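Trainee: Here's a structure for you.
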Amino acid sequence: MAWTTRQSGDGKKPFRQAATILREMINDPDKIVICPGVFDGYTARIALDIGFDALYMTGAGTAASRTGSPDLGIINMVEMAANASMIAGLDWRVPVIADADTGFGSSLSAARTAKTYIEGNVAALHIEDQAFIKRCGHLRNKELVSLETYLTRIRAASMAREASGRDLVIIARTDSLQSLGFDEAIRRLKAAHEAGADVAFFEGLVSKEQARAAVKALHPIPCLLNIVHGGVTPAITAAEAKEIGFKIVIWSILSLTEVYNSTRRAMTELRDTGFVTEREDKAGGIYDIFRVVGINEAAEFDAAAGGATLKGGF
5 MAWTTRQSGD GKKPFRQAAT ILREMINDPD KIVICPGVFD GYTARIALDI
55 GFDALYMTGA GTAASRTGSP DLGIINMVEM AANASMIAGL DWRVPVIADA
105 DTGFGSSLSA ARTAKTYIEG NVAALHIEDQ AFIKRCGHLR NKELVSLETY
155 LTRIRAASMA REASGRDLVI IARTDSLQSL GFDEAIRRLK AAHEAGADVA
205 FFEGLVSKEQ ARAAVKALHP IPCLLNIVHG GVTPAITAAE AKEIGFKIVI
255 WSILSLTEVY NSTRRAMTEL RDTGFVTERE DKAGGIYDIF RVVGINEAAE
305 FDAAAGGATL KGGF
């Protein structure tokens, strides 16, 4: 829960919808939106503490953290939206782009998904053209729906946005490169843009040259690049992505891979030695953790409300 005045609004600056903030970022010719992938309140708080001005909520990370399951469409819309809205609520000034898988079913499901994300002040969602059971975009043997079924999902989300009277950045993702080729992927993304999508997400690009060709073919549609550790897309820096012409770069499983590596290392040490070595400077200890998740702001809020329980400090 957000406690600080900067997070919840101090009455001096009016509330601005997250999607509006994200659109301004995308439309800024000098800016590229850099989003670390987060999957829960803790990793989101770390990203906010470091100073990122936009976040990406990973569906794979949501599935792994909430249910200990792989990214195979096991998480439902309610679970995904709840996680996205919780993260979006930590700081209303920092827009959150969130995974919405396939829209979770029919056109009616896609519309309900968009409506629910809007109600949670999620800035953007992406909807893909995979069939159920969907899988991570960097895995093999993905099955796709027809172009018309895909466009129905995008169109439904766009219609729900219009009906809400509020904003949502709709990102069309295609996973068609692997099985249908580059030209079909471009065709699908252009058609999705015509159906109401704002941003094109060409998943699984395999080279910098292909990335450059995709951005050129899709111009002037803003394009999103997904960097996945261990995935098929090569390492591309934010500066390189900007030079190529991307407007958004997500490091979608950044938190997931770092938690895996650091936790596995510490647990292996504990298993093998019966001890875990602490840093000499105590960084990352309990006080750092509580600070990041807002213990000081919570105490200030309690005092401002007239409470005395937390008055003595910690």
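Residues 5 to 318 in our numbering are what the sequence shown spells out, letter by letter. We treat Cβ as the ideally placed atom computed from N, Cα and C, and that holds for glycine. Owing to the predicted nature of the structure, the values given are computational and were not obtained by experimental measurement.
(1) Is the beta carbon of S111 sitting closer than 7 Å to the one on A160?
(2) In chain order, what are the residue ranges of uninterrupted alpha helix (DSSP H) at least 4 long that sit wholly in the segment 122 to 169?
(3) Does the Cβ-Cβ distance between A114 and V173 come in under 7 Å?
(4) Report the option in A218, S183, Q214, F56 whose CA atom is closest to the CA atom of L193.
(5) From the DSSP secondary-structure annotation, give me the bridge partner or partners of F61.
(6) Pick helix, strand or coil for N87, following the three-state DSSP scheme.
(7) Keeping to the same chain, check which residues put their C-beta closer than 8 Å to that of Y121; ignore five residues upstream and five downstream.
(8) How big is the Cα-Cα spacing for L222 and R191?
(9) Given G317, which residues of its chain have a CB within under 8 Å of its CB, disregarding the five upstream and five downstream residues?
(10) Please return the same chain residues whose Cβ sits closer than 7 Å to the Cβ of I299, not counting the five positions on each side in sequence.
(11) Which class does N80 belong to by DSSP, given the choice of helix, strand or coil?
(12) For the segment 37 to 49 against the segment 246 to 262, are there 3 or more C-beta pairs whose distance is under 8 Å?
(13) Quick check on the DSSP output: the beta strand (DSSP E) that includes F294 runs from which residue to which?
(14) Quick check: what's the CA-CA separation for V37 versus E132?
(15) Is the distance from the Cβ of L181 to the Cβ of P99 below 7 Å?
(16) For the alpha helix (DSSP H) that contains I257, what are its first and last residues?
Mentor: So, from the data block:
(1) yes
(2) 151 to 168
(3) no
(4) Taking only the C-alpha atoms, the option nearest L193 is A218.
(5) Sequence inspection shows Met at residue 61; the Phe mentioned does not correspond to that position. For M61, which the question treats as bridged, DSSP gives the partners V42, A102.
(6) helix
(7) Closer than 8 Å at the Cβ level, and outside the excluded window around Y121, lie A85, A88, S89, A102, A104, L129, L172.
(8) Cα to Cα, the separation comes out at about 9 Å.
(9) A303
(10) F318
(11) coil
(12) yes
(13) Run containing F294: none in the beta strand (DSSP E); it sits in the alpha helix (DSSP H), 290 to 296.
(14) 21 Å
(15) no
(16) It is not in any alpha helix (DSSP H) - I257 carries neither H nor E in the DSSP assignment.
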